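Visitor:
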Amino acid sequence: MRRLFALLFLLTFMSLALFAYQFSPLNVTFEPSGGGSAKVYTIVNDSDSAIAIEVSAVKRSITIDGEEYNEDASQYFTIQPSKMIINPQSTQLVRVQYRGPRTVTEELSFRIISEQIPYSTGAKSEGEGQMISFLFVYSTSAYVQPGKIVEKVETTASINEDGKLEIVFTNKGSVHQLLNDLSVTIKGNNGSTYTLTDEDMGAIKGSNLLCGASLRIVMDVPSALSGAKSFSPEIKYNYSWSN
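Residue numbers for the sequence shown follow my numbering, beginning at 25 and rising by one.
Below is the structure:
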(Lines of atoms letter the chains of each structure in order from A and count residues from 1; the text may use other names and numbers.)
(Lines give C-alpha, C1' and ligand atoms only; values in the text may rest on other atoms or scores of the structure.)
Protein backbone atom coordinates (compact mmCIF):
# COMPACT_ATOMS: atom_id res chain seq x y z
CA MET A 1 0.00 0.00 0.00
CA ARG A 2 1.24 3.47 -0.91
CA ARG A 3 1.62 5.83 2.08
CA LEU A 4 1.17 9.64 2.34
CA PHE A 5 4.72 10.40 3.42
CA ALA A 6 8.14 9.34 2.07
CA LEU A 7 8.83 5.62 2.37
CA LEU A 8 12.25 4.03 2.26
CA PHE A 9 12.66 0.98 0.08
CA LEU A 10 15.73 -1.23 0.48
CA LEU A 11 17.00 -1.82 -3.04
CA THR A 12 20.37 -3.58 -3.13
CA PHE A 13 24.02 -3.36 -2.19
CA MET A 14 25.04 -1.01 -4.98
CA SER A 15 26.16 2.46 -3.93
CA LEU A 16 28.31 4.35 -1.51
CA ALA A 17 25.92 7.28 -1.12
CA LEU A 18 22.40 7.74 0.21
CA PHE A 19 20.58 9.91 -2.33
CA ALA A 20 17.88 12.13 -0.83
CA TYR A 21 15.45 14.58 -2.40
CA GLN A 22 12.36 16.66 -1.61
CA PHE A 23 8.99 16.51 -3.38
CA SER A 24 6.19 19.02 -2.87
CA PRO A 25 3.37 19.85 -2.40
CA LEU A 26 2.10 16.86 -0.42
CA ASN A 27 -1.60 17.71 -0.70
CA VAL A 28 -3.26 19.27 -3.77
CA THR A 29 -6.82 19.90 -4.96
CA PHE A 30 -7.35 20.11 -8.71
CA GLU A 31 -10.30 21.75 -10.39
CA PRO A 32 -11.98 19.72 -13.17
CA SER A 33 -11.27 22.40 -15.77
CA GLY A 34 -9.69 25.80 -16.25
CA GLY A 35 -6.49 27.09 -14.71
CA GLY A 36 -6.95 25.09 -11.53
CA SER A 37 -6.80 21.79 -13.43
CA ALA A 38 -2.99 22.08 -13.71
CA LYS A 39 -0.56 22.11 -10.80
CA VAL A 40 3.22 22.39 -10.57
CA TYR A 41 5.19 20.06 -8.33
CA THR A 42 8.76 20.75 -7.26
CA ILE A 43 11.54 18.21 -6.90
CA VAL A 44 14.73 19.33 -5.15
CA ASN A 45 17.81 17.15 -5.35
CA ASP A 46 19.78 18.32 -2.34
CA SER A 47 22.34 15.56 -2.61
CA ASP A 48 25.76 15.64 -4.25
CA SER A 49 24.87 13.04 -6.88
CA ALA A 50 22.48 12.92 -9.82
CA ILE A 51 19.25 11.00 -9.25
CA ALA A 52 16.57 9.52 -11.49
CA ILE A 53 12.90 10.17 -10.71
CA GLU A 54 9.64 8.86 -12.14
CA VAL A 55 6.32 10.59 -11.39
CA SER A 56 2.99 8.80 -11.82
CA ALA A 57 -0.66 8.95 -10.74
CA VAL A 58 -2.84 6.29 -9.13
CA LYS A 59 -6.49 6.24 -8.14
CA ARG A 60 -7.03 5.88 -4.41
CA SER A 61 -9.68 3.74 -2.66
CA ILE A 62 -10.09 2.20 0.79
CA THR A 63 -11.77 -0.95 2.07
CA ILE A 64 -14.25 -0.90 4.94
CA ASP A 65 -11.40 -2.04 7.22
CA GLY A 66 -9.20 0.91 6.26
CA GLU A 67 -6.81 -0.77 3.83
CA GLU A 68 -5.89 1.44 0.89
CA TYR A 69 -5.60 0.06 -2.61
CA ASN A 70 -4.55 1.81 -5.80
CA GLU A 71 -5.23 1.54 -9.52
CA ASP A 72 -3.42 3.08 -12.46
CA ALA A 73 -4.72 6.60 -13.17
CA SER A 74 -2.58 7.55 -16.16
CA GLN A 75 -5.76 8.23 -18.19
CA TYR A 76 -6.70 11.01 -15.74
CA PHE A 77 -3.45 13.01 -15.83
CA THR A 78 -0.76 14.29 -18.13
CA ILE A 79 2.59 14.53 -16.33
CA GLN A 80 5.46 16.48 -17.90
CA PRO A 81 8.14 15.35 -17.53
CA SER A 82 7.23 11.95 -16.09
CA LYS A 83 10.82 10.63 -16.04
CA MET A 84 13.89 12.72 -15.44
CA ILE A 85 17.50 12.89 -14.31
CA ILE A 86 18.08 15.67 -11.78
CA ASN A 87 21.60 16.97 -11.34
CA PRO A 88 23.15 17.47 -7.90
CA GLN A 89 21.89 20.49 -5.94
CA SER A 90 19.27 21.17 -8.62
CA THR A 91 15.51 21.75 -8.83
CA GLN A 92 13.07 20.26 -11.34
CA LEU A 93 9.50 21.46 -11.91
CA VAL A 94 6.86 18.90 -12.95
CA ARG A 95 3.54 19.99 -14.48
CA VAL A 96 0.58 17.73 -13.66
CA GLN A 97 -2.59 18.34 -15.69
CA TYR A 98 -5.93 16.72 -14.85
CA ARG A 99 -7.49 15.28 -18.04
CA GLY A 100 -10.47 13.38 -16.62
CA PRO A 101 -14.21 14.16 -16.73
CA ARG A 102 -15.04 17.86 -16.58
CA THR A 103 -18.28 17.26 -14.68
CA VAL A 104 -17.44 16.00 -11.19
CA THR A 105 -20.32 15.51 -8.73
CA GLU A 106 -18.27 13.54 -6.17
CA GLU A 107 -14.67 14.26 -5.29
CA LEU A 108 -12.11 12.03 -7.02
CA SER A 109 -9.19 10.81 -4.90
CA PHE A 110 -5.72 10.13 -6.27
CA ARG A 111 -2.09 9.91 -5.29
CA ILE A 112 0.67 11.63 -7.23
CA ILE A 113 3.74 9.48 -6.67
CA SER A 114 7.36 10.50 -7.05
CA GLU A 115 9.63 7.48 -7.08
CA GLN A 116 13.39 7.42 -7.14
CA ILE A 117 14.60 4.75 -9.56
CA PRO A 118 18.01 3.09 -9.91
CA TYR A 119 20.55 5.25 -11.66
CA SER A 120 24.29 4.91 -12.09
CA THR A 121 26.65 7.58 -13.39
CA GLY A 122 29.33 5.06 -14.23
CA ALA A 123 31.40 2.21 -12.90
CA LYS A 124 32.61 2.26 -9.33
CA SER A 125 36.25 2.39 -8.41
CA GLU A 126 37.57 -1.05 -7.70
CA GLY A 127 38.44 -0.09 -4.15
CA GLU A 128 34.96 1.18 -3.20
CA GLY A 129 33.08 -0.81 -0.63
CA GLN A 130 29.40 -1.65 -1.08
CA MET A 131 26.78 -0.17 1.21
CA ILE A 132 23.01 -0.40 1.44
CA SER A 133 21.27 2.02 -0.91
CA PHE A 134 17.75 3.33 -0.31
CA LEU A 135 15.35 4.75 -2.86
CA PHE A 136 12.79 7.31 -1.70
CA VAL A 137 9.11 7.28 -2.66
CA TYR A 138 6.78 10.20 -1.97
CA SER A 139 3.09 9.28 -2.11
CA THR A 140 1.08 12.49 -1.99
CA SER A 141 -2.65 13.21 -1.77
CA ALA A 142 -4.48 14.69 -4.76
CA TYR A 143 -8.18 15.39 -5.15
CA VAL A 144 -10.40 16.67 -7.95
CA GLN A 145 -12.95 19.10 -6.55
CA PRO A 146 -16.67 18.49 -7.17
CA GLY A 147 -19.03 21.20 -8.30
CA LYS A 148 -20.84 21.29 -4.95
CA ILE A 149 -19.29 20.75 -1.51
CA VAL A 150 -21.41 18.57 0.81
CA GLU A 151 -20.07 17.27 4.13
CA LYS A 152 -22.13 14.37 5.46
CA VAL A 153 -21.10 11.29 7.42
CA GLU A 154 -23.78 8.76 8.38
CA THR A 155 -23.24 6.22 11.15
CA THR A 156 -25.01 2.96 11.98
CA ALA A 157 -24.51 0.46 14.81
CA SER A 158 -25.76 -3.11 15.05
CA ILE A 159 -24.87 -6.57 16.30
CA ASN A 160 -23.23 -8.55 13.50
CA GLU A 161 -23.47 -12.29 12.85
CA ASP A 162 -20.53 -12.92 15.20
CA GLY A 163 -22.28 -11.23 18.09
CA LYS A 164 -19.98 -8.20 17.92
CA LEU A 165 -20.98 -4.55 17.94
CA GLU A 166 -20.29 -3.17 14.47
CA ILE A 167 -20.25 0.60 13.94
CA VAL A 168 -20.09 1.76 10.32
CA PHE A 169 -19.18 5.29 9.18
CA THR A 170 -20.21 6.10 5.60
CA ASN A 171 -19.27 9.27 3.74
CA LYS A 172 -22.50 10.33 2.03
CA GLY A 173 -21.17 13.77 1.14
CA SER A 174 -19.26 14.93 -1.92
CA VAL A 175 -15.79 15.42 -0.36
CA HIS A 176 -13.43 13.46 1.90
CA GLN A 177 -13.65 13.85 5.66
CA LEU A 178 -10.87 13.52 8.23
CA LEU A 179 -12.18 11.99 11.44
CA ASN A 180 -10.03 14.19 13.68
CA ASP A 181 -10.79 14.20 17.43
CA LEU A 182 -13.48 11.59 16.79
CA SER A 183 -16.02 11.00 19.56
CA VAL A 184 -18.61 8.21 19.34
CA THR A 185 -21.48 7.64 21.78
CA ILE A 186 -23.83 4.68 21.37
CA LYS A 187 -27.35 4.85 22.79
CA GLY A 188 -29.34 1.67 23.28
CA ASN A 189 -33.11 1.45 22.86
CA ASN A 190 -33.34 0.59 26.58
CA GLY A 191 -31.88 3.95 27.62
CA SER A 192 -28.30 2.71 28.06
CA THR A 193 -25.32 4.69 26.70
CA TYR A 194 -21.66 4.05 26.07
CA THR A 195 -18.92 6.38 24.81
CA LEU A 196 -16.13 4.66 22.94
CA THR A 197 -12.60 4.98 24.30
CA ASP A 198 -9.53 5.71 22.18
CA GLU A 199 -8.68 2.02 22.47
CA ASP A 200 -12.12 1.08 21.13
CA MET A 201 -11.69 3.37 18.12
CA GLY A 202 -8.13 2.37 17.36
CA ALA A 203 -6.73 3.59 14.04
CA ILE A 204 -10.07 4.89 12.78
CA LYS A 205 -9.65 8.05 14.86
CA GLY A 206 -8.16 10.63 12.51
CA SER A 207 -8.72 8.42 9.45
CA ASN A 208 -9.43 9.88 6.03
CA LEU A 209 -12.94 8.82 5.03
CA LEU A 210 -12.92 9.18 1.27
CA CYS A 211 -15.99 10.24 -0.66
CA GLY A 212 -18.42 7.30 -0.99
CA ALA A 213 -16.32 5.06 1.28
CA SER A 214 -17.17 3.32 4.55
CA LEU A 215 -15.07 2.47 7.59
CA ARG A 216 -16.03 0.29 10.52
CA ILE A 217 -15.25 -0.52 14.11
CA VAL A 218 -15.92 -4.06 15.31
CA MET A 219 -15.80 -4.62 19.06
CA ASP A 220 -17.26 -6.65 21.91
CA VAL A 221 -20.61 -5.36 23.08
CA PRO A 222 -19.89 -3.15 26.13
CA SER A 223 -21.57 -4.30 29.33
CA ALA A 224 -23.17 -0.85 29.56
CA LEU A 225 -25.22 -1.68 26.45
CA SER A 226 -26.24 -5.21 27.47
CA GLY A 227 -29.92 -5.82 26.96
CA ALA A 228 -30.33 -3.26 24.20
CA LYS A 229 -31.84 -4.58 20.97
CA SER A 230 -31.07 -1.61 18.73
CA PHE A 231 -28.59 1.24 18.81
CA SER A 232 -28.36 4.89 17.82
CA PRO A 233 -24.79 6.19 17.37
CA GLU A 234 -23.89 9.85 17.70
CA ILE A 235 -20.55 11.10 16.41
CA LYS A 236 -18.53 14.29 16.59
CA TYR A 237 -15.28 15.09 14.82
CA ASN A 238 -13.22 18.16 14.08
CA TYR A 239 -12.80 18.72 10.37
CA SER A 240 -14.14 21.08 7.76
CA TRP A 241 -13.25 20.60 4.09
CA SER A 242 -11.13 23.22 2.40
CA ASN A 243 -8.99 23.29 -0.71
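Even for Gly, the Cβ is constructed at its ideal location relative to N, Cα and C. Since we're looking at a predicted model, the values are computed, not measured.
Classify residue 231 as helix, strand or coil using the three-state DSSP reduction.
Guide: Residue state, collapsed to three classes: coil.
Visitor: With respect to the beta strand (DSSP E) encompassing residue 223, which residues constitute its N-terminal and C-terminal limits?
Guide: Careful: residue 223 lies outside any beta strand (DSSP E), inside the alpha helix (DSSP H) at 222 to 225.
Visitor: When the distance is taken between beta carbons, is residue 248 closer than 7 Å to residue 213?
Guide: No, the pair does not count as a contact, with Cβ atoms beyond the cut-off.
Visitor: According to DSSP, simplified to helix, strand and coil, what is residue 237?
Guide: coil
Visitor: So what's residue 59 in DSSP terms, helix, strand or just coil?
Guide: helix
Visitor: Enumerate in chain order the residues of its own chain whose CB-to-CB distance from residue 50 is below 6 Å, with the five nearest sequence positions on each side excluded.
Guide: Apart from the 5 residues on each side of it in sequence, residue 50 sits with its Cβ closer than 6 Å to the Cβ of 164 in its chain, given in chain order.
Visitor: What are the uninterrupted segments assigned as beta strand (DSSP E) that are 3 or more residues long and contained completely in the region 46 to 126, given in chain order?
Guide: 46 to 48, 51 to 54, 62 to 69, 75 to 86, 92 to 96, 101 to 104, 107 to 110 and 114 to 122
Visitor: Between which two residues does the beta strand (DSSP E) holding residue 257 run?
Guide: 255 to 260
Visitor: For residue 216, which residues from the same chain have a beta carbon less than 6 Å from its beta carbon, with the 5 sequence-adjacent residues on both sides left out?
Guide: 248, 249 and 252
Visitor: Sorted by chain position, which residues of the same chain lie with C-beta nearer than 6 Å to residue 245's C-beta, five sequence neighbours on each side aside?
Guide: 189
Visitor: Can you name the start and end residues of the beta strand (DSSP E) that residue 138 belongs to?
Guide: Where residue 138 is concerned, the enclosing beta strand (DSSP E) stretches over 132 to 141.
Visitor: If you count every other CB in all the chains shown that lies within 10 Å of the CB of residue 201, and 16 or more means buried, which is it?
Guide: buried
Visitor: Report, in whole angstroms, the separation of the C-beta atoms of residue 224 and residue 241, which I expect to be a contact under 8 Å.
Guide: 7 Å
Visitor: Pairing CB atoms from the region 126 to 145 with CB atoms from the region 44 to 60, are three or more of them under 8 Å?
Guide: A contact exists between the region 126 to 145 and the region 44 to 60.
Visitor: Does the contact criterion of 3 or more C-beta pairs under 8 Å hold for the region 96 to 105 versus the region 194 to 208?
Guide: Counting Cβ pairs under 8 Å, fewer than three are found: no touch.
Visitor: With which residues is residue 177 paired in a DSSP beta bridge?
Guide: DSSP lists 195 as partners of residue 177.
Visitor: Between the alpha carbons of residue 70 and residue 220, how many angstroms are there, rounded?
Guide: 46 Å
Visitor: If you reduce the DSSP assignment to three classes, tell me which class residue 249 lands in.
Guide: Residue 249 falls in the helix class under three-state DSSP.
Visitor: Report yes if the CB atom of residue 144 is closer than 7 Å to the CB atom of residue 194, and no otherwise.
Guide: Contact flag unset, no.
Visitor: State the Cα-Cα distance for the pair residue 118 and residue 257, rounded to the nearest angstrom.
Guide: 46 Å
Visitor: Do you know offhand how far residue 26's Cα is from residue 235's?
Guide: Below a pLDDT of 50, predicted positions are generally treated as unreliable, and residue 26, at 39, falls in that range; the measurement from the model is reported next regardless. Roughly 19 Å separates the two Cα atoms.
Visitor: Please classify residue 67: is it buried, with 16 or more other beta-carbons within 10 angstroms of its beta-carbon, or exposed?
Guide: Residue burial annotation: residue 67 is buried, with at least 16 other C-beta atoms found within 10 angstroms of its C-beta.
Visitor: Rank 73, 80, 75 and 72 by C-alpha distance to the C-alpha of residue 65 and give the top, closest one.
Guide: 80
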